[in-house]
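Be aware that the sequence shown starts at 433, since it is given in the working numbering, and climbs by one per residue.
Step one of this worksheet: look at the structure below.
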Amino acid sequence: MASSSTSYVRHHIEDGLAHVEIDVDGQSVNTLSTPMIERFEALLDELETSSDVEGVIITSAKTDNFVAGFDIEELQGYEHDPDALRALVKRGQALMARLEALRVPVVAAIDGSCLGGGLELALACDARITTENPRSVFGLPEVMLGLIPGGGGTQRLPRLIDLSQALDLILTGRQINARKALKIGLVDDVVHPGILLEVAREKVRKLATEPGAGPSLGDNLEEAFNDPVKLAARTPARRLIFSRAREQVLKESGGNYPAPLKALDVIETGFSEGFEAGLRAEGEAFTELVRSPEARNLMNIFFMRQEVNKDRVVDGRVKPREITRLGVIGAGLMGAGIAQVAAYNGTNVRLKDASAPGLGWGMNYIDDLLKKAARRKKISEAQADIALGRVAPTLTYEGLERCEIVIEAVFENKELKQSILAELEALGNADQIVASNTSTIPIKTIAKKSKRPENVLGMHFFSPVHKMPLLEIIRTEKTSPKALATALAYGRELGKTCIVVDDGPGFFTSRVIGAYINEAGWILQEGGRIDEIDAAMRSFGFPVGPLKLVDEVGMDVALKAAGVLQEAFQERWDAPEGLRILAEQGRKGRKNKRGFYDYASGDSRAPDTTVYEALPGGATRRHIDAETITRRCWLAMLNECAYALDEGIIRSPRDGDIGVIFGLGFPPFRGGIFRHADEVGLGWVVDTLHTLAGQHGERLRPAPILERMAEKGERFYNA
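See the structure below:
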């Protein structure tokens, strides 16, 4: 047995097979990098000349991870050196080509995440065997960082699987599990982790001895995929697929993200001009995108999110309690959503509601979400049934005393929330943590009569719970470090990105989104058009406009939240009368098909023009240019963020940016609201707010912290 080892790649030869194991020292996951490329180049030098090797198996020494992609920190270092970056990309592509052309078959044995450059490495192999491990997921998530695959992924993936499937993975960054990967032909087999290497050995020997079981992409890519007859037959269909994909990208991104469009160009080049031309186009596009402001901002968000996910917040010596049982009170949309996410992630849940119909609705909602996950192959039908079985419905408090944590998710009613807290404390579990899912009511108000206020905090989830990544955890002056550490650890266990904020009306996210909607309401009241207001903010980068958002949340809910904020900040919070009038008309948005949009006719994209009748000016509307709308709305939002930072509600601009991006839909390509303010300049921000305040009201007067920072020439971020 021959063997060699480095801190990145080690291998040994046994019975004619080279077993290559990837293991980057000091990292929880493997990432590609210049040192990794160097080690692989040396390994290929050896394998290419070794007569003892009949096949190669590539695997990972990391738990639940094959390779996670290229080292993003290293990529950031090339931002100002395009020639060096271009050389690195060519070197990486050449490495994949050498691996693909190796004289003996190569099989990737994958147990865990195989993403980005890791999947490109696997695509260069002759076959891919993976495990049924739930953490075995596949994807090319580069577009999420403002990039495209740079190691040949744009060329190999569309030639291995159906073009539409390949475009979906490349253009969205979506990840798929092992079963889905097998179904679309991305992997050759899915096996139990215990027999992964055994099956990989069988596969590589079969490839070595049976010519018909040869390389998945064909021995000659140009011949296999650019045959003139086949190409002529496929070109019209491909053109249609590319045309539709481009339309979809523009529809979803508003043209704000250049990476998906570049990816389409590169893939088309590969099909029209050949594999090598496609690789060259891929390298040039990758080099250009790394240096783009969108990629810079998206990579910054990646690192900020990593920091937030690792932030202890409390002293590291404080250990969180283990959560084995969760109580949820309220089986409505939020309560049932929380229960579903908890059960999906393995927690036993006691779900309580005040009525049997309400409880039945909640259980049906949970069942429906789990069945949808099974249909989408995220989990099996058996796993969906097991998850549903973890939720125990109840109309009483029986069993809730055994829950380590209980989350109350009832209506925004102070007295109701206080009474539920009292009833929970009466159960006698002195260690039980009680969290409120309130979006506006201060936690100290809910806990005013609490016997154990140290166990009380807020856990503000976002709707829909199973999709929205943010969890806002609210602590009071009396919340114990133990309770906070437990809520934080459990939130992360549920897969949420958590920010910890201090207590206060609306906390952080609700008061910020409230300021944004409030300004949109003023523009509407001043004569603006519903469609122009929402279109302006979508063009700015928000997924939906502010008035459409009110319809989704419910106009009654939005008005109640606005009332809390207006009362708390009455010296500077000026609310438009028009929104109150509309709510009093019984307009609740989508849920009763009466809102800013015409749900009754079936075309929810069309504004309901009867709204204008209740507003000053009536049906007579005036055009307000998009730039004015966007300035007023995003600067109103920024101003409230600045107040929250100055008051200590949020601990840093980083937490604020994570909050607005992952909770409120602030456009990620702008890097976050504080970072965007840095880019446009705080001097400009302050001057513009003063001008807007003079034109539209004191609510737009810049927060003191903005004026102080602008005067000193400061920024929210140093870089």
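We put the beta carbon where it would ideally sit given N, CA and C, even for glycine.
Local conformation of residue i per DSSP, three classes
{"i": "glutamate 574", "result": "helix"}
{"i": "isoleucine 454", "result": "strand"}
{"i": "threonine 562", "result": "strand"}
{"i": "aspartate 447", "result": "coil"}
{"i": "aspartate 621", "result": "strand"}
{"i": "glutamate 1045", "result": "helix"}
{"i": "serine 882", "result": "coil"}
{"i": "serine 851", "result": "helix"}
{"i": "glutamate 905", "result": "Looking at the sequence itself, residue 905 is isoleucine, so the reference to glutamate does not match. Of the three classes helix, strand and coil, the one that applies to isoleucine 905 here is strand, per DSSP."}
{"i": "leucine 579", "result": "coil"}
{"i": "phenylalanine 894", "result": "coil"}
{"i": "proline 1136", "result": "helix"}
{"i": "alanine 867", "result": "strand"}
{"i": "tyrosine 440", "result": "coil"}
{"i": "isoleucine 627", "result": "helix"}
{"i": "leucine 859", "result": "coil"}
{"i": "proline 913", "result": "helix"}
{"i": "glycine 759", "result": "strand"}
{"i": "tyrosine 1149", "result": "coil"}
{"i": "glutamine 1017", "result": "coil"}
{"i": "valine 985", "result": "helix"}
{"i": "isoleucine 608", "result": "strand"}
{"i": "tyrosine 922", "result": "helix"}
{"i": "arginine 1039", "result": "Note on identity: in this sequence residue 1039 is proline, with arginine being the wrong assignment. DSSP places proline 1039 in strand when its eight states are reduced to three."}
{"i": "arginine 970", "result": "helix"}
{"i": "arginine 523", "result": "helix"}
{"i": "valine 569", "result": "strand"}
{"i": "valine 431", "result": "A question about residue 431 goes unanswered here, because the residues of the chain that appear run from 433 up to 1151."}
Whole-angstrom C-beta distance between residue j and residue i, which should lie under 8 angstroms
{"i": "valine 631", "j": "valine 623", "result": "5 angstroms"}
{"i": "arginine 712", "j": "proline 514", "result": "Contact flag wrong, Cβ pair sits at about 15 angstroms."}
{"i": "glycine 767", "j": "valine 760", "result": "5 angstroms"}
{"i": "isoleucine 1081", "j": "valine 933", "result": "5 angstroms"}
{"i": "glutamine 957", "j": "glycine 1010", "result": "4 angstroms"}
{"i": "proline 975", "j": "isoleucine 965", "result": "At roughly 15 angstroms, the Cβ-Cβ gap does not stay under 8 angstroms, so proline 975 and isoleucine 965 are not in contact."}
{"i": "isoleucine 489", "j": "arginine 633", "result": "7 angstroms"}
{"i": "aspartate 963", "j": "proline 1039", "result": "5 angstroms"}
{"i": "phenylalanine 707", "j": "glutamine 587", "result": "6 angstroms"}
{"i": "phenylalanine 472", "j": "leucine 527", "result": "6 angstroms"}
Contact set for residue i: own chain, Cβ-Cβ below 6 angstroms, skip 5 residues either direction
{"i": "phenylalanine 498", "result": "Ser492, Ile542, Gly544, Cys546 and Gly550"}
{"i": "arginine 961", "result": "Arg1053"}
{"i": "arginine 1086", "result": "Met736"}
{"i": "proline 537", "result": "Gly487, Asp558, Val636, Leu639 and Ala640"}
{"i": "isoleucine 608", "result": "Phe570"}
{"i": "proline 752", "result": "Ala917, Thr918 and Ala921"}
{"i": "glycine 923", "result": "Leu903 and Cys930"}
Cβ neighbours of residue i in the same chain (closer than 7 angstroms, five flanking residues each side left out)
{"i": "phenylalanine 703", "result": "Arg670"}
{"i": "alanine 533", "result": "none"}
{"i": "alanine 474", "result": "none"}
{"i": "alanine 915", "result": "Ile865, Glu886, Asn887 and Leu889"}
{"i": "leucine 801", "result": "Gln772 and His898"}
{"i": "glycine 1129", "result": "Asp1006"}
{"i": "lysine 1144", "result": "none"}
{"i": "asparagine 861", "result": "Glu833"}
Chain-order list of residues whose beta-carbon lies under 8 angstroms from that of residue i (same chain, five-residue window excluded)
{"i": "threonine 1120", "result": "Arg1063 and Leu1067"}
{"i": "glycine 715", "result": "Arg518, Val521, Lys522, Gln525 and Gly582"}
Taking the runs of the beta strand (DSSP E) that are 3 residues or longer, which of them lie wholly in the stretch 766-799? 780-784
For the stretch 809-842, which segments carrying the alpha helix (DSSP H) assignment without a break, of at least 4 residues, lie completely within its bounds, in sequence order? 813-821
Take every Cβ of the stretch 996-1014, pair it with every Cβ of the stretch 925-945, and state whether three or more of those distances are shorter than 8 angstroms. yes
Report the start-end ranges of each alpha helix (DSSP H) in the stretch 457-521 that is 4 residues or longer and not cut off at the edges. 466-481 and 504-508
Starting from the N-terminal side, write out each stretch of the alpha helix (DSSP H) that is 4 residues or longer and does not extend beyond the stretch 667-749. 690-705, 707-722 and 725-742
The stretch 805-820 touching the stretch 782-790, judged by at least three CB pairs closer than 8 angstroms: no
Report yes or no: do the stretch 866-877 and the stretch 819-836 share at least 3 C-beta pairs separated by less than 8 angstroms? no
Unbroken stretches of the alpha helix (DSSP H), 4 residues or longer, contained in the stretch 927-958: 941-957
What ranges does the beta strand (DSSP E) occupy inside the stretch 1061-1110, keeping only unbroken runs of at least 3 residues that lie completely in it? none
Are at least three pairs of beta-carbons, each pair with one atom in the stretch 667-683 and one in the stretch 553-569, less than 8 angstroms apart? no
What beta strand (DSSP E) runs, 3 residues minimum, are completely inside the stretch 525-558? 538-542 and 545-547
Below 8 angstroms, how does it come out for the stretch 898-908 and the stretch 919-929: are there three or more Cβ pairs, yes or no? yes
Contact between the stretch 574-594 and the stretch 679-697 is defined here as three or more beta-carbon pairs at a separation below 8 angstroms; is this criterion met? yes
Flag this pair as touching only if the stretch 948-955 and the stretch 1036-1054 have three or more C-beta atom pairs under 8 angstroms; answer yes or no. no
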